[in-house]
Every structure is written in C-alpha cells, then in structure tokens.
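Numbering follows the UniProt record's numbering, in which position 501 of the sequence shown is assigned residue number 501; successive positions increment by one, without gaps.
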Amino acid sequence: MELESVPGVGAKTAEALRELDDPERALSEGDVAALSRAPGISEGRAAHIARGAIRAEHDDPGGFAATPRARELYEAGLSLLQERTVTDYGAKRLETLYPSGVRSRIEEVRAFTERALAREPTPAVREALAGVAPLTEPGDVRVRDRCLATGDAETYAAAQSAIPEVSVELVDDARQLAELARSYATVVVLDEAFAGVDVEGDVRVEPNALDEPASVVPERVLTFFARNRDAVRAAVEVHRAADLEAPCDLDALADALAQLDDDGSVRGDEELDRLSTAVDDLDAAVAAAESTANDHLREAIEERDVTIEGTDLLSLVERGAGVDSLLDRELSDEYAAAVDRARDHLVDTLQLRDTESMARRAFPDEPTYPVEHEERVVSRLREELTATRDRRATQRKRAIADDLAALRPAAEALVDAALELDVELAVARFAADFDCTMPDLTDEPGFAIEGGRSPLLDVPFEAVEPIDYRVGGVTVLSGVNSGGKTSTLDLVALVTTLAHMGLPVPAESARVGRIAELHYHAKTQGTLDAGAFETTLRDFGDLVTDISADRPVLVLVDELESITEPGAAATIIAGILESLAGREAAGVFVSHLAEDIVAAAEADLSVDGIRAEGLVDGELRVNRSPVKGELARSTPELIVEKLAEDGDGFYAGLLEKFE
C-alpha cells in the first residue's frame, strides 16, 4: 500500500508512519494503537487515518450519511457505543466503524462483531481495563556516564543518529581514548582498529554496537518499560481476568517489571544498593570516622598524666616540635588505636570490600591532633566507588534490558489486545443494554423491523414501547400528533445505519436492504423562503436522478409540507414519491397530508398509519407500530368523536365531515 495514496495522508504524515515497523499492516487492519505510535500522530488523528485507509482498501466512496440528520443519527449511535468503553483509546478506535454501502467492509465488521458478542464484560475485566493506555515512546532519555568513540566521520554521524542518548566523540589515537576513559565510566569504541589498545578504565571495542543500541543504552528499553509499566501491568491483569491467550509468560514479564524503579533505574540488586549507599554516604561516614578517632584520643589524653622532663621539653622546643611529636612519643599506641577505630568505622559503615585497603589509607599513620582524613585519598575512593557503582548498574541494566527487550513485542501485543478488548466489550455491552440482534442484510429494498426499540428517546430504555414496521418500497406514514412518527423514522435510520456499520441493532429481529446512501430530511421549522425552497427541490431532483441499481438509497422525510403551503406541498410530495417509486427506491415520508398526497398522485401510493386507539382520561392512547394500508385518524377527529358520543348533534355533524 502506497502510504500517500491513503486519504488524509500527506508527505509529512507518510514520513511519520514510515517510522513504524509495519505501517501497511497497521493501516489495512485499522490498528489505531500502532498508528498512534508514529511521531506526532494522536489517537484521534490515527483513527481518522485508519478510517481513510479502510475506505481505500474496500474502494468505499463514503457518503453513506448523505444529510445532516443522517449524520446526527450515526453520531448518536456511535456515542452510545463510546459511552460503553473504559479507555479513551477505545472511544477513538470506535470512530473507525462507520456505515458503508460496500458489502466487503460490512462483512469485515460483522465478523468482528460476532467475536465481540461472545465476550463477557465482567466487572473484573472492566476494572483492569481502567489502567490500560497506549504505550508511549520516551524521547527524553539522556545518559552522561558513557560515550561512543570513533575516528571515522561517517560512523560519527551514524552514531549520533542511531544512539542520540549518549555523547559521540571523535578520537585519533590511544591518548585521546585514555582521556575519554578518565571522563566517562564507560567508553564504547566503534572502530575495530582500536582492538588491543591498552587503556586504563572501562573501554570496550564494539564495532556492531550501532546494530544493538540496547547494549549501549539499556536505559532506552528500561525507560520505555518504566514509563509504561502501569499500562503493561494493567494489560497483564486484563489477560488474566478475561482469560485471554497471552503472547508471553505473564509472570516472567511481571517479575522483570518489578526490577525497575519509576525512573527506569534498577532495584533489587544488593551489590548495587551497597555501592550506591557507599557513594551517597561517603562524606558523612568519613566525618563520623574522624569523630570516632578524636573522641577516643581525647579520652586517652584526659585519662593520662604525661610528664616531660625539662631537658626533653627544651629539646622538643628547640626542634620546633609540637603536639604531634608529643603524641608520637607519649601516646603512639593510643593514636594507633584511634586511627584503627576510624578506619574500621569507615569500612564497616560503608560495607566496603574491594576498596577496603584504599579506605584505610584515608587516615594516615603519622600522629596528628585532631585526627583528619586525607582528602586526596577520599576523593580517589569516591571516584573508585562511583565507577564501580556505575559499572555494576550498567551490567544490571544490560541484563534486565536484554530480558525486557525480548519481551517488548509481547508487551506491545498485550496492551494492544487489551485495548481492542475494550472495543469489543463496548459492542457487547451495547448489544446487552439495548437487547440487540444481528440484522439480516439483503439486496432487497426496504426494511423489516420487529420489536424495535429506540435507545435515543428521553425515557428509560425499559419503558420504550417496541414497534414492528416493514417497508418494501415507498410509503406515506400518517398518524396523530405525538404518536411517534418522528421516533419511528429515527429508529429506522438508526437500525439502517448500525446494520451498515456491521453492528447489532436494537430489535428482536431486523432485515435491512443494503443501500449506498441514507437521506434523512428532518422536519423544518417554519416555511422556507423562495430561495431555500428552490434549493430543497433541487436536492430532491438530484437525488431522484442519481438513483440507480448500483446506488440504492433509503429516503426518510419528516413532514416536508412544513416548508411551504399545504396545498402545494401535497402536490410536490406526490410528485417526489412517484419518481422514487418509479426507480424502485425505498422511502418513508411522514405527513399529515397523506390523504391529499394520495389524491394528487397519478400512481398508486402506499399509506401506513400509526393508529390512535382513542382518548382515555384526556390522554391519547396509541398503537405505535404502523399499520400497513391504513390512513391514521387525526387527533382532532378523535376529540370530535369523543364529544359526539355524548349525543350532541353538533359534534355528530362535525364527525360526518371527517368521513
């Protein structure tokens, strides 16, 4: 698939999509999760692109919802589905479902729907889904304790592009390499020419490092999993709760994630923890060791009487000796004991091992008071501990990153499957909440709905009266005011739209004739001016002209007479119905002028009626299922009939006028 051939995909978007591993597959399958991983593409944008790709694949011209009211009914049905998702992703993913007149697309979604209806949206699954979100790629990873080194300009540019998380340095010889080794804990050399060069420090010659970025920057993998840890863990719980087949060992993935902190650093390694603590606590431990030594030495001095003969004192003064010499002569053993205590305290507090001998040199053998550490030695100790800690951290990071890198495809599949499950469960909940069934989609014009109930009414769904209605061609639907004519049209439009989306419909059973376009003209408020009236007639003229066997349509019109005078309206509607009937279209025209329309028509027109059963305590009782071939009585006629039953001759005379 040529990316730029997809509607809505320009050169810039195509370039972003090429960053994906398999953009063609993501497009053909409408994989919004995968498409949204492309740089700069949001979930909403991904849904729009996926929809365009689906249309291109099925050669779908679009335009099914051909009028504003038809689009409103599609959006209303879509909203009912979206309200039943748990994730934001699920709501966006549902936007790839749209009504289509192309059978291959409808059948594709019907197969998806059959799978969805087999799902059970249990509370445990829905609770786990609440934590699932599309995975994100961290773009702010920066590593400063290691670098790449090369002597080749092309390799230098390639390294900067392949591994932007670390610095890349140009080197010409071993001397420059040695300088880098003193500045970085680890230097990865990309040129095989440096193999065998003896340089102090952690210097590695890895010519293939650019092919395996995770070996150089394990933080790339670790940060990815740290940032997405909650989503992956939630996806694991979804698979367990829904008993989905997993692409990996869920326990192994959970254990690997448990070794990461929120910032992507490694945890659970005792040696690394020891070294990190030693680096962090070094200054405090040195200070405490000094105090230990000085406290011991002070107590020793206070407890001892030191006698110095005059000649000795004179000799010390003449030599310029101070207290250090005095300590060396009179308290050498006590000083040695004090220093030993300082050294032991430092080593024990920091749990030093390989660097113990260096740490002991931090306190000199030569007597001084107060006892003070050798800053040069402590600095060297800090450098050694830091380098050892960083090497250990890198080793652990590499080991865990290797494990997680191998699990990344499975983790992505886990999250994608959980997100898709949310979409399926939304369809399952929609079907359960509104007692839906899968409709039969045929090539016969019209529709047949049994036990249909509209979920769009402003009453609880349980209180909605079911209706039965079937139309095979073009008919006029009559009925009393507030009898449910508009609600019937809405139900027909919704059932037709959902059926062409490949989804279940709110009815006990339904047969829907496949169409290319749904034209639903809602009731107009007030008479149109001449220009608007002319535009409306042109729309119907174009519609009638364009109808063909390859472009079947369903036309739903609600009280077209409201756009002009009643007398002219009956004639116009009759003419439109005659033209539609002659082209074997299907349609329902709601009108209070049914009798006048039939009289004005030169062809036989069908009339259906929503029957009013009468007035009970001032309230209209209606059988809301239209009756075939019956012209419904109006509300005024029912009122006059009720008054005539009281025996007044005036009302009886009025009633005769309706006959």
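Glycine is no exception: its CB is placed at the ideal position from the N, C-alpha and C atoms. Being a predicted model, the structure only gives us computed values, none of them experimental.
Tell me whether the beta-carbon of residue 562 lies closer than 8 Å to the beta-carbon of residue 535. Taking the sequence shown and counting its residues from 1, the one referred to as residue 562 is at position 562. Taking the sequence shown and counting its residues from 1, the one referred to as residue 535 is at position 535. No, these two residues do not count as a Cβ contact at 8 Å.
At the level of alpha carbons, what is the spacing between residue 377 and residue 158? Here residue 377 refers to the residue found at position 377 of the sequence shown. Here residue 158 refers to the residue found at position 158 of the sequence shown. Rounded to the nearest angstrom, the two C-alpha atoms are 41 Å apart.
Going by C-alpha to C-alpha distance, which of 210, 117, 182 sits closest to residue 160? For the purposes of this step, residue 160 is taken as residue 160 along the sequence shown, with counting starting at 1. Ranking the options by Cα distance to residue 160, first place goes to 210.
Distance between residue 199 and residue 177 (C-alpha atoms, nearest Å): One-based indexing of the sequence shown puts residue 177 at position 177. One-based indexing of the sequence shown puts residue 199 at position 199. So the alpha carbons of these two residues sit roughly 7 Å apart.
Express the C-alpha separation of residue 479 and residue 605 in angstroms, rounding to a whole number. As a working note, residue 605 is residue 605 in the sequence shown. As a working note, residue 479 is residue 479 in the sequence shown. Straight-line Cα distance between these residues: approximately 16 Å.
Closest by C-alpha distance to residue 141, when choosing among 587, 202, 227: In the sequence shown, counting from the first residue as 1, residue 141 sits at position 141. It is 227.
Helix, strand or coil for residue 64? Go by DSSP, reduced to three states. As a working mapping, residue 64 is identified with position 64 in the sequence shown. It is coil, neither helix nor strand.
Thinking just about the alpha-carbon of each residue, which of 393, 504, 47, 537 is nearest to the one in residue 80? By 1-based counting over the sequence shown, the position of residue 80 is 80. Out of 393, 504, 47, 537, 504 has the C-alpha closest to the C-alpha of residue 80.
So, under 8 Å CB-CB, residue 502 and residue 110 are touching, yes? Tell me the CB distance rounded to an integer number of Å. Working through the sequence shown from its first residue, we reach residue 502 at position 502. Working through the sequence shown from its first residue, we reach residue 110 at position 110. Going by Cβ atoms, the distance from residue 502 to residue 110 rounds to 4 Å, so yes, they are a contact pair.
Spell out the partners DSSP gives residue 449 in its beta bridges. Reading the sequence shown from its first residue, position 449 is the one you call residue 449. For residue 449, which the question treats as bridged, DSSP gives the partners 469, 510.
Keeping to the same chain, check which residues put their C-beta closer than 7 Å to that of residue 66; ignore five residues upstream and five downstream. The residue labelled residue 66 in the question sits at position 66 within the sequence shown. Answer for residue 66: 517, 518, 519, listed in chain order.
If you reduce the DSSP assignment to three classes, tell me which class residue 589 lands in. Sequence index remark: in the sequence shown, residue 589 carries index 589 (1-based). Note: residue 589 maps to strand in three-state DSSP.
Residue(s) in a DSSP beta bridge with residue 146: The residue given as residue 146 occupies position 146 in the sequence shown. Looking at the DSSP assignment, residue 146 forms a beta bridge with 186.
Residues bridged to residue 623 [DSSP beta-bridge criterion]: Residue numbering aside, residue 623 sits at position 623 when the sequence shown is read from its first letter. Paired residues: 611.
Report the three-state DSSP secondary structure of residue 81 (helix, strand or coil). Taking the sequence shown and counting its residues from 1, one reaches residue 81 at position 81. Helix, per DSSP.
Residue 564 beta carbon less than 8 Å from that of residue 514: As a first step, residue 514 is located in the sequence shown; it is residue number 514 there, counting from the start. As a first step, residue 564 is located in the sequence shown; it is residue number 564 there, counting from the start. Contact: no.
Quick check on the burial criterion: 16 or more other C-beta atoms within 10 angstroms. Buried or exposed for residue 170? Here the question's residue 170 lines up with position 170 in the sequence shown. Residue 170 should be labelled exposed.
Near residue 486, what residues of its chain come up, given a Cβ to Cβ distance below 6 Å and the 5 sequence neighbours on each side ignored? The residue given as residue 486 occupies position 486 in the sequence shown. Here the set comprises 558.
Quick one, which of 223, 165, 68 has its alpha-carbon nearest residue 147's? For the purposes of this step, residue 147 is identified with residue 147 of the sequence shown, where counting begins at 1. Looking at the Cα atoms, 165 is the closest of the given residues.
Start and end of the alpha helix (DSSP H) containing residue 437? For the purposes of this step, residue 437 is taken as the residue at position 437 of the sequence shown. Premise fails: residue 437 is in no alpha helix (DSSP H) and is neither H nor E.
How far does the alpha helix (DSSP H) with residue 129 in it reach, from first residue to last? In the sequence shown, counting from the first residue as 1, residue 129 sits at position 129. Residue 129 -> alpha helix (DSSP H) spans 123 to 129.
Cβ contact (3+ pairs, closer than 8 Å) linking the stretch 50 to 66 and the stretch 12 to 21: no
Using a Cβ-Cβ distance under 8 Å, would residue 557 count as near chain C? Among the protein chains of the structure shown there is no chain C, as only one such chain exists.
For residue 73, which residues of its own chain have a beta-carbon under 7 Å away from its beta-carbon, when the five flanking residues on both sides are left out? Along the sequence shown, one-based indexing puts residue 73 at 73. So the list reads 490, 493, 494, 497, 520, once near-sequence residues are dropped.
Should residue 4 be labelled buried (16 or more other beta-carbon atoms within 10 Å of its own) or exposed? If you number the sequence shown from 1, residue 4 lands on position 4. It is exposed - the Cβ of residue 4 has fewer than 16 other Cβ atoms within 10 Å.
Whole angstroms are fine: how far does the CA of residue 221 sit from the CA of residue 189? Numbered from its first residue, the sequence shown carries residue 189 at position 189. Numbered from its first residue, the sequence shown carries residue 221 at position 221. Their Cα atoms are separated by approximately 21 Å.
Per DSSP, residue 628 is paired with what? Position 628 of the sequence shown, counting from 1, holds the residue named residue 628. 608, per the DSSP bridge assignment.
Cβ shell of residue 60 (< 8 Å), same chain only, five flanking positions each side left out: For the purposes of this step, residue 60 is taken as residue 60 along the sequence shown, with counting starting at 1. Closer than 8 Å at Cβ, skipping near neighbours: 54, 100, 101, 102, 105.
For residue 145 versus residue 390, is the C-beta distance shorter than 8 Å? Here residue 145 refers to the residue found at position 145 when the sequence shown is read from its first residue. Here residue 390 refers to the residue found at position 390 when the sequence shown is read from its first residue. Contact: yes.
Boundaries (first-last residue) of the alpha helix (DSSP H) holding residue 335: Your numbering for residue 335 matches position 335 in the sequence shown. 332 to 350 is the extent of the alpha helix (DSSP H) around residue 335.
Would you decide whether residue 370 is buried or exposed? Buried here means 16 or more other CB atoms lie within 10 Å of its CB. Your numbering for residue 370 matches position 370 in the sequence shown. Exposed, by the Cβ-count rule.
Let's see if you can read the secondary structure: which residues bound the alpha helix (DSSP H) around residue 250? Translated into positions along the sequence shown, residue 250 becomes position 250. Counting along the chain, the alpha helix (DSSP H) containing residue 250 begins and ends at 250 to 257.
Look at the alpha carbon of residue 474 and the alpha carbon of residue 579, and state the distance between them as a whole number of angstroms. For the purposes of this step, residue 474 is taken as residue 474 along the sequence shown, with counting starting at 1. For the purposes of this step, residue 579 is taken as residue 579 along the sequence shown, with counting starting at 1. Looking at the two C-alpha atoms, the distance is approximately 10 Å.
Excluding the five sequence neighbours on either side, which residues of its own chain have a C-beta within less than 6 Å of the C-beta of residue 191, listed in chain order? In the sequence shown, counting from the first residue as 1, residue 191 sits at position 191. Only 150, 151 meet the Cβ criterion.
Classify residue 308: buried if its beta carbon has 16 or more other beta carbons within 10 angstroms, exposed otherwise. Sequence index remark: in the sequence shown, residue 308 carries index 308 (1-based). A caution first: residue 308 carries a pLDDT of 49, below 50, which makes its placement in the model unreliable, though a value can still be read off. So residue 308 counts as exposed.
Helix, strand or coil at residue 551 [DSSP, three-state]: Walking along the sequence shown from the start, residue 551 turns up at place 551. Residue state, collapsed to three classes: strand.
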